[in-house]
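Enquirer: Chains as they are written, first to last, in my numbering: chain A, 981 to 1274; chain B, 195 to 554; chain C, 252 to 503. Quick reminder that beta carbons are idealized off the backbone N, C-alpha and C, glycines included. Bear in mind the structure is a predicted one, so any value in this text is a computation, not a measurement. Structure provided below as structure tokens; questions to follow.
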């Protein structure tokens, strides 16, 4: 019974990772960059919701929407100011370092505004918890909402990419920017759109993450961001189902190793599994095989 | 003038050594005349280790051309193995310098060994995949050290991954590594002078390696792996060589760092991925593959937040903005174009004039 | 005994048979041409000969030694060097260092010797420099020795690739479209250089080329490839007048 409860918790945490990883993977697929600041957008989303709910008294749903809008604007702005000028830089490391700079910027701005003391986050989920097996397993409302949101977002993204023109444009840009441009696709707009979607997802992830673990600090987003990136790589970076699978597996491994092995070593175990997966399959579970043409 | 007709690389290397020497001398004079704030004084040894870290990481990133985000992990290995050794032999080897030299060798050897162990499976991955795996390894090293308990008694050395009780020490035993509390009371063998000497040794090794047969092979792999293979370069051998030397030098930085601290703990701040990223920032900002640049960037970026200390809470914010602006300025193709135009218009004509006058 | 001989060399990618039953015999010192329309499988054959791909079937013999399925690096050590259709230089290294990388396996000193700059280091480096300059002189590149390779003009980059390949001291030199992108004057100069290399180093050269003037000018024998199969083989003059070859090139 315990195992089932842990498993469900794992899937729930995994769903949050998956939502973050979806943002990571889309941005990587299109802009071919590791957006290190992605985790900090989650944190910004968390603070926006915190203020909206606690200080302005907005209803939770409205606060989440507000956070999504603000994070979208933030994401697009970051891309335009910090990343776009470096898109054709001589080294792809340049934009990575800039992303790290943006990450520092967001963290320290939050530190300045909100201080380093953790804020206690009021859950945005009002769903009552469910008891199964005569009350031997309790599933919290947050858990249910996280899993359902993740499934909806996944399905929505797949539909969006396969069925809409903008989604097809994304696919085209991720394959070959130059060719996409020649076919009349607005590459800049497509990249902006990707950052917009990724950042809006980060806001949702922020809401879910802070509802499940209600301590909000300027560094809240950093570790989940890294882990979600691991999840994205795990599943095969650039692949949307890959990010989903990677996130879920990562969440399950983390919760199970916390429960059965050691809470202090859980991160090490998560990373060790990633390494093993990559050694067996160097481009992740669903990643495409790449070979350089001679 | 013919006597001073040195080759371009020799000149460049001399510049690098010279810059370190000048910075060290100025700092030394400030230190001796008491013109250094106690905060800056406390930073001297860490700066030396950051310089070593940046130079050694540049060997992986700039010369081998592989992105590593786990450099702090190797530093961590060097720090803990050497601090363990120093604690263990504190009463056996009483000559500090001998013990410290041995500690450096042990730290470098273990970090280098870890580099080989990690490099063997990992170096066949490419680009961002390699980056994420090195990050993962760095985190694993930090995590494992945080749950590691090692004690010693009359019966020998005891290990545990649980707690200090599980060591089952005799009454005469003492705990050396105490989980998350790490190692306390490491002999304070590091000093600014030793730090500077170690920087010189690091530079000597890295610069001479680069300009040798092996260094050329490593750079050939970086520039074109397929072509390197086609002229008979052993890819695995040279990738491993660069990676493990880089790791061993990071271990040396760890030894220096550890022997400057009373209590050595593996926190996310000093040995986590944040540290690895900070070192990478030095390398990229100083110029990928540019050793001299790594040195300067490491010094400037460590001192900068301290100089900005007057601005209190704003300092890290300003640091972040400076970082972004410098990156945009030095890497954006548009900015580079403007700079080129600017140079052509204003700077070069003056120099040209000067030299032509001298020519007369 | 032929210097290079392949027997029934074949490779498939998925269902596609990119090279099918390729047989060739090249004698020591020969200048041999491999021609055919785009996509005929010429570069694939080079990749098979140099171990980039493993053949699905067939054997490759170099100077009587079976080198089938060996790794690229070992095939190079056995005596096969090549250039690439899309130039692959060590871009950030100097022209001289590019050649010195080619000399890597002919001159030795240990890593420690290199780091500590023992006398042996200076001796061997001096020998390498001398040899590198000799090779660069052959290609008229000695004036550019300190230039960064990526800053060389296109034609010189192609020549540098040949110099680098020669530096590995091969028995067989494979040139993949050496004249691609050159103007007629450069091509003529290149033809002379290739002939010179053959004569000076007693080199055996197999080259892929589209420029018919170059092919008819310097190649003694030709193999024509079409759809992965050998269309015809023989003396250059005869092959080029073969109606089937003309058909393959010009269509019907």
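Opposite residue 423(B) in the DSSP bridges: which residues?
Expert: DSSP output for residue 423(B) lists no bridge partner at all.
Enquirer: Using the beta-carbon of each residue, which ones in chain B are nearer than 7 Å to residue 323(C)?
Expert: 423, 424
Enquirer: If we cut at 7 Å on Cβ distances, does residue 327(C) have a partner in chain B?
Expert: yes
Enquirer: Is residue 472(C) near residue 466(C), with beta carbons less than 7 Å apart?
Expert: no
Enquirer: Which word fits residue 298(C), buried or exposed, when buried means at least 16 other C-beta atoms lie within 10 angstroms of its C-beta?
Expert: buried
Enquirer: Name the chain B residues that come within less than 8 Å of residue 1084(A), Cβ to Cβ?
Expert: 510, 513, 514, 517
Enquirer: Can you find a CB in chain C that lies within less than 7 Å of the CB of residue 410(B)?
Expert: yes
Enquirer: If you measure beta-carbon to beta-carbon, which residues of the region 1233-1254 of chain A are closer than 7 Å to chain B?
Expert: 1242, 1244, 1245, 1247, 1248, 1251, 1252, 1254
Enquirer: Taking C-alpha atoms, which residue in 1254(A), 1037(A), 1220(A), 1241(A) lies nearest to residue 1004(A)?
Expert: 1220(A)
Enquirer: Less than 7 Å separating the beta-carbons of residue 510(C) and residue 327(C)?
Expert: Coverage of chain C is limited to positions 252 through 503, which leaves residue 510(C) absent and any answer about it impossible.
Enquirer: With a threshold of 8 Å on Cβ separation, who are the neighbours of residue 405(B) within its own chain once the five nearest residues in sequence on each side are excluded?
Expert: 203, 207
Enquirer: Could you tell me whether any Cβ in chain A is nearer than 7 Å to the Cβ of residue 521(B)?
Expert: yes
Enquirer: Using a Cβ cut-off of 9 Å, which residues of the region 1168-1182 of chain A contact any Cβ in chain B, in chain order?
Expert: none
Enquirer: Measure from the C-beta of residue 1029(A) to each C-beta in chain B and report whether the shortest distance is under 7 Å.
Expert: Residue 1029(A) has a beta carbon lying at 7 Å or more from every beta carbon in chain B.
Enquirer: Expressed to the nearest angstrom, what Euclidean distance is found between the alpha-carbon atoms of residue 1065(A) and residue 527(B)?
Expert: 7 Å
Enquirer: Spatial neighbours of residue 1250(A) within its chain, please: C-beta separation below 8 Å, excluding the five flanking residues on both sides.
Expert: 1207, 1210, 1230, 1233, 1234, 1237
Enquirer: Taking residue 1088(A) as the query, report the chain B residues whose CB atoms sit under 7 Å from its CB, ordered along the chain.
Expert: 510, 511, 514
Enquirer: Please name the residue or residues paired with residue 310(C) in a DSSP beta bridge.
Expert: 258(C)
Enquirer: In terms of alpha-carbon separation, which member of 323(C), 454(C), 488(C), 257(C) lies closest to residue 280(C)?
Expert: The candidate whose alpha carbon is nearest that of residue 280(C) is 454(C).
Enquirer: Taking one C-beta from the region 432-451 of chain C and one from the region 370-384 of chain C each time, how about it: are there three or more such pairs within less than 8 Å?
Expert: Two segments are said to touch when three or more pairs of C-beta atoms, one from each, lie closer than 8 Å; by this definition the region 432-451 of chain C does not touch the region 370-384 of chain C.
Enquirer: Contact criterion: CB-CB distance below 7 Å. Does residue 483(C) meet it with respect to chain B?
Expert: no
Enquirer: What residue range does the beta strand (DSSP E) around residue 1000(A) cover?
Expert: From DSSP, residue 1000(A) is part of no beta strand (DSSP E) but of the alpha helix (DSSP H) over 982-1011.
Enquirer: Do the region 1240-1249 of chain A and the region 332-343 of chain B make contact, defined as three or more Cβ pairs closer than 8 Å?
Expert: Proximity of the region 1240-1249 of chain A to the region 332-343 of chain B meets the contact definition, three or more beta-carbon pairs being nearer than 8 Å.
Enquirer: Closer than 6 Å by C-beta to residue 396(B): which residues in its own chain qualify, once you throw out the five before and the five after it? Chain order, please.
Expert: 246, 249, 443
Enquirer: Mapping DSSP to helix, strand and coil, what is residue 396(C)?
Expert: coil
Enquirer: What residues in the region 1065-1081 of chain A bring their beta carbon closer than 9 Å to a beta carbon of chain B?
Expert: 1065, 1066, 1067, 1068, 1069, 1070, 1071, 1072, 1073, 1074, 1075, 1076, 1077, 1078, 1080, 1081
Enquirer: Determine whether the beta carbon atoms of residue 1043(A) and residue 1053(A) lie at a separation below 7 Å.
Expert: no
Enquirer: Which residues mark the beginning and the end of the beta strand (DSSP E) in which residue 1026(A) is found?
Expert: Premise fails: residue 1026(A) lies in the alpha helix (DSSP H), 1018-1030, not in any beta strand (DSSP E).
Enquirer: If we ignore side chains and look at the alpha-carbon of each, how far apart do residue 325(C) and residue 478(C) end up?
Expert: Taking the straight line from one Cα to the other gives about 29 Å.
Enquirer: How would you write the range of the beta strand (DSSP E) that residue 303(C) sits in, first residue to last?
Expert: Premise fails: residue 303(C) is in no beta strand (DSSP E) and is neither H nor E.
Enquirer: Using the three-state DSSP reduction, which class does residue 1108(A) fall into: helix, strand or coil?
Expert: coil
Enquirer: I'd like to confirm the pairing. Which residues does DSSP put opposite residue 474(C) in its beta bridges?
Expert: 285(C), 484(C)
Enquirer: Indicate the three-state DSSP secondary structure (helix, strand or coil) for residue 332(C) in the structure shown.
Expert: Residue state, collapsed to three classes: strand.
Enquirer: Report yes if the C-beta distance between residue 1218(A) and residue 1265(A) is below 7 Å; otherwise report no.
Expert: no
Enquirer: Would the region 1100-1120 of chain A and the region 1185-1198 of chain A be scored as touching if the rule is three or more Cβ pairs under 8 Å?
Expert: Proximity of the region 1100-1120 of chain A to the region 1185-1198 of chain A meets the contact definition, three or more beta-carbon pairs being nearer than 8 Å.
Enquirer: Would residue 988(A) be called buried (16 or more neighbouring beta carbons within 10 Å of its own) or exposed?
Expert: Residue environment: residue 988(A) is assigned as buried (16 or more neighbouring CB atoms within 10 Å of its CB, all protein chains considered).
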